[in-house]
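In the working numbering, each residue's number is its place in the sequence shown (first place is 1) plus 1. No residue lacks a Cβ here, since even glycine has one placed at the ideal position from N, Cα and C. Notes follow the structure.
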Amino acid sequence: MMQWLAALQRWLERRDWDEGSLLLVVGGVIGVVGGLAVVLFYRLIDLSHLVFIEWPGARMPIAIRALYWPILTAFGTWAAWYVVRRAGIPDGQNVPDVQRAVAKHDARVPARPVAVRTVASAITLGSGGSAGSEGPVAVLGAAVGSM
Numbered sequence: 002m003m004q005w006l007a008a009l010q011r012w013l014e015r016r017d018w019d020e021g022s023l024l025l026v027v028g029g030v031i032g033v034v035g036g037l038a039v040v041l042f043y044r045l046i047d048l049s050h051l052v053f054i055e056w057p058g059a060r061m062p063i064a065i066r067a068l069y070w071p072i073l074t075a076f077g078t079w080a081a082w083y084v085v086r087r088a089g090i091p092d093g094q095n096v097p098d099v100q101r102a103v104a105k106h107d108a109r110v111p112a113r114p115v116a117v118r119t120v121a122s123a124i125t126l127g128s129g130g131s132a133g134s135e136g137p138v139a140v141l142g143a144a145v146g147s148m
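Now the structure itself:
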């Protein structure tokens, strides 16, 4: 991917664009890529919901479903925790961490922790966990913009 970015940078340098036009193009590209990343995140939530709730729910008697939902939510929370711990990333990569990165670390948001937390959030949300999707979406967009 870095070779592609280097080729794009060389192509842009050969053009005689003013700074405003260049910022507009770069901002548009970041917006499109960030939007596609958010669509992927929501598709992961849909897939998690399908795997954890819809497929098993269609194959269970109604009486057992009442016990299944609380167990499923607990399992989804545990699975998200396990994904984060197994990846070995430190706590963080939420909106305050993005703000700190912008203020103190040249706006660099590491991609690996964001990717792991995005998967963990999709598992939590798809399995019925009580969380919001706004935080992961904001962090995901910041990580795309940081690249």
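Asked, Found
"Tell me which residues share the same chain as S122 and place their Cβ nearer than 6 Å to its Cβ, disregarding the 5 neighbours each side in the sequence.", "P137"
"Between which two residues does the alpha helix (DSSP H) containing D19 stretch?", "Premise fails: D19 is in no alpha helix (DSSP H) and is neither H nor E."
"If you follow the alpha helix (DSSP H) that L141 is part of, which residue opens it and which one closes it?", "E135 to S147"
"Beta-carbon separation of F53 and G127 under 8 Å?", "yes"
"Between V117 and A143, is the Cβ-Cβ spacing less than 8 Å?", "no"
"Take V115 as the anchor and find which of S131, R60 and A38 has the nearest alpha-carbon.", "A38"
"Please state the DSSP three-state secondary structure of D107.", "coil"
"Three-state secondary structure (DSSP) at L116?", "The sequence as given places Ala at residue 116; Leu does not occur at that position. Helix, per DSSP."
"What is the C-beta distance between V99 and A139, in whole angstroms, given that I count them as a contact (C-beta under 8 Å)?", "7 Å"
"Can you tell me which of the three DSSP states S128 falls into?", "coil"
"Using the beta-carbon count (16 or more within 10 Å), is V120 buried or exposed?", "buried"
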